[in-house]
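Chemist: Below: one structure in structure tokens.
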Amino acid sequence: MSESTTTNTPKPSSSVKLVLLGEAAVGKSSLVLRFVNNDFQENKEPTIGAAFLTQKCSLPTRTIKFEIWDTAGQERFASLAPMYYRNAQAALVVYDVTKPSSLTKAKHWVAELQRQASPGIVIALVGNKLDLTNDGNEASGEPQADGEQQPPAATADGDDAAGEPQEEQDATPGDARKVSTREASSYADEEGLLFFETSAKTGVNVVEVFTAIANAIPESSLKSGRGAGAGTGQTTLGGGRPAEDSRVNLGDRSTATAKEGCAC
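Going by UniProt numbering, the residue at position 126 of the sequence shown is 126; the numbering climbs one at a time, nothing skipped.
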């Protein structure tokens, strides 16, 4: 009888505010769409302002409800981003593995979070668009976290013998990769970040990113009960009225405040 009671006891539930940051067109919204709806849109329109979504992640000992702020990547909105990462317990900083400048921008976001975000915020550096690389179709789905790297192999990500010219690796036929796994992984390791390479298109490592973040959130920073957006239901992204209703104009602070208080 006691066993039955234990089985029926619901796991504790905690809300986690998570923000996505990164240059425009790196696939932030596509990652969220894949995580929330298990969907992908080939020609996704750029996020204008921000979008708010929720999704649950079930861990062995508790349920994490992510309150996700997907911010616009356009430069004109960058100065308004702090009101979205304020009090966030986690952040996904996304770059495009085919675009080196997006990693540079990602590093700027990481530095800003380390200076201005909440102490102890969990940051994951995410290299998206793995499907455009030679090793994208061969990805096993195993997460690369805390600076882990794939074993050296004859791939085009620059992870073979040191001293090989990166230009030769980038020129491999059929491979659009311009940022090596080694470069990004080493940086993440130095900064104490989680690190993953993902494909929102194929779904590789997307769920693993959010699961790793959920596991990495310190118990002391978890908030239980009903925080912002902790009601019932789920806001969806990607077409239709729900996505439109979840969008926030970053230029209208009063609208943003109202949305954050009653998102669901």
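Yeah, the Cβ is synthetic: ideal placement off N, Cα and C, and Gly gets one too.
The structure displayed is predicted, hence computed values, not measured ones.
CA-CA distance, Gly-147 and Phe-77?
Modeler: Within the sequence shown, residue 147 is the residue found at index 147, counting from 1. Within the sequence shown, residue 77 is the residue found at index 77, counting from 1. Note on Gly-147: pLDDT 41, under 50, position unreliable in the model; the coordinate value appears next. Answer to the nearest angstrom: the Cα atoms are 30 Å apart.
Chemist: Are there 16 or more other CB atoms within 10 angstroms of the CB of Val-19, so buried, or fewer, so exposed?
Modeler: Taking the first residue of the sequence shown as position 1, residue 19 is located at position 19. That one is buried.
Chemist: May I have the straight-line CA-CA distance separating Glu-219 from Leu-125, to the nearest angstrom?
Modeler: Counting from one through the sequence shown, the residue named residue 219 turns up at place 219. Counting from one through the sequence shown, the residue named residue 125 turns up at place 125. Approximately 22 Å between the Cα atoms of the pair.
Chemist: Mind checking who Asn-128 pairs with in its DSSP beta bridge?
Modeler: If you number the sequence shown from 1, residue 128 lands on position 128. Paired residue(s): Asp-96.
Chemist: Since Asn-128 and Val-26 should fall inside the 8 Å C-beta cutoff, what is the C-beta to C-beta distance between them, to a whole number of angstroms?
Modeler: Counted from its first residue, the sequence shown places residue 128 at position 128. Counted from its first residue, the sequence shown places residue 26 at position 26. With 8 Å as the limit, Asn-128 and Val-26 qualify as a contact, their Cβ atoms being about 6 Å apart.
Chemist: Which residue comes first and which comes last in the alpha helix (DSSP H) that contains Ala-216?
Modeler: In the sequence shown, the residue the question calls residue 216 occupies position 216. Its alpha helix (DSSP H) spans residues 206-216.
Chemist: Going by other Cβ atoms of all chains shown within 10 Å of its Cβ, with 16 needed for buried, is Glu-42 buried or exposed?
Modeler: Here residue 42 refers to the residue found at position 42 when the sequence shown is read from its first residue. Exposed, since its Cβ has fewer than 16 Cβ neighbours within 10 Å.
Chemist: Whole angstroms is fine: what's the gap from Ser-101's alpha carbon to Cys-57's?
Modeler: If you number the sequence shown from 1, residue 101 lands on position 101. If you number the sequence shown from 1, residue 57 lands on position 57. Distance between the alpha carbons of Ser-101 and Cys-57: 32 Å.
Chemist: So for Glu-67, helix, strand or coil by DSSP?
Modeler: As a position in the sequence shown, residue 67 is number 67, starting the count at 1. Looking at Glu-67 - three-state DSSP - the assignment turns out to be strand.
Chemist: Measure the alpha-carbon distance for Met-83 versus Thr-71 and round it to whole angstroms.
Modeler: For the purposes of this step, residue 83 is identified with residue 83 of the sequence shown, where counting begins at 1. For the purposes of this step, residue 71 is identified with residue 71 of the sequence shown, where counting begins at 1. Distance between the alpha carbons of Met-83 and Thr-71: 11 Å.
Chemist: From the DSSP secondary-structure annotation, give me the bridge partner or partners of Ile-123.
Modeler: For the purposes of this step, residue 123 is taken as the residue at position 123 of the sequence shown. The partner list for Ile-123 (beta bridge, DSSP) reads Ala-91.
Chemist: Do you know offhand how far Leu-132's Cα is from Asp-175's?
Modeler: Along the sequence shown, read from residue 1 onward, the residue named residue 132 stands at position 132. Along the sequence shown, read from residue 1 onward, the residue named residue 175 stands at position 175. One C-alpha to the other measures close to 6 Å.
Chemist: Just confirm the distance between the C-beta atoms of Gln-74 and Ala-24, as a whole number of angstroms; I'd bet it's less than 8 Å.
Modeler: To locate residue 74, count along the sequence shown from 1; it is residue 74. To locate residue 24, count along the sequence shown from 1; it is residue 24. 5 Å between Cβ atoms; contact.
Chemist: Excluding the 5 residues flanking Arg-32 on each side, which residues of the same chain have their C-beta closer than 7 Å to its C-beta?
Modeler: Looking up residue 32 in the sequence shown gives position 32. Here the sequence assigns Val to residue 32, which means Arg is not the residue at that position. Taken in chain order, the residues that qualify are Leu-20, Leu-53, Ile-68, Asp-70, Leu-237.
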